[in-house]
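Using our numbering, the first residue of the sequence shown is number 86, and each one after it goes up by one.
All C-beta atoms in this analysis are idealised placements derived from N, C-alpha and C, irrespective of residue type, glycine included.
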Amino acid sequence: MIRNIVFDMGQVLLRFDPAYFIERAGAAEEDKALLLREVYKSLEWARMDRGSMTEAEAAESMCRRLPERLHETVHALVDKWDRPILPIEGMEELIRDLKAKGYGIYLLSNASYRQHEYWPRVPASSLFDGTLVSADVKLVKPQPEIYRLLCETFSLDP
């Protein structure tokens, strides 16, 4: 019998859309593909999720590869992508409904240390019984160890 439900954050609870963030930051058309590749698809972004690099370190590293005219944009894309939070329509209601029915609600997400800063702004985040963030445990999905750790930490029976 299912008693607990584990959610991901990006593209499940909130919209994570790098192309939109780059557009919102006001990047010139000729810079958009470069910013997408050098920020959101970068090794630094993966290292932030793994907890081996801070946002400040990542942005500085990214800036070393990019023209100075893009440095302010890089910092905005790393530090402010979550402002404002873009919730996925219907998820808050779904979580409230599942919680009201007695399900345990958990989060497992590949995210940087900043997740703890913006998590309270995610609708229904206060209803979660527990969260496991990749940066905190130095593991990322799809590593099997992160799923085992989730189950062990919250006494979940897969």
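Residue j beta carbon less than 9 angstroms from that of residue i
| i | j | result |
| --- | --- | --- |
| residue 194 | residue 136 | no |
| residue 217 | residue 180 | no |
| residue 242 | residue 199 | no |
| residue 190 | residue 89 | yes |
| residue 234 | residue 225 | no |
| residue 220 | residue 133 | yes |
| residue 143 | residue 129 | yes |
| residue 192 | residue 91 | yes |
Nearest neighbour of residue i, chosen from the options [CA to CA]
| i | options | result |
| --- | --- | --- |
| residue 147 | 165, 166, 134 and 126 | 126 |
| residue 86 | 188, 224, 222 and 233 | 188 |
| residue 182 | 222, 152, 145 and 209 | 209 |
| residue 120 | 142, 96, 153 and 133 | 153 |
| residue 123 | 151, 177 and 236 | 151 |
| residue 82 | 184, 169, 174 and 229 | Examination of residue 82 is not possible in this model, given that the chain is present from 86 through 243 alone. |
Residue i - partner residues in DSSP beta bridges
| i | result |
| --- | --- |
| residue 215 | 191 |
| residue 99 | 95 and 172 |
| residue 90 | 190 |
Q. In chain order, which continuous runs of the beta strand (DSSP E) of length 3 or greater are located wholly inside the region 121-202?
A. 189-194, all fully within the region 121-202.
On the three-pair Cβ rule with 8 angstroms, is the region 89-102 touching the region 148-157? Taking 8 angstroms as the limit for Cβ pairs, the verdict is that the region 148-157 does not touch the region 89-102.
Does the region 104-112 come close enough to the region 161-172 that 3 or more CB-CB pairs lie under 8 angstroms?
With a cut-off of 8 angstroms on Cβ pairs, the region 161-172 is in contact with the region 104-112, counting three or more such pairs.
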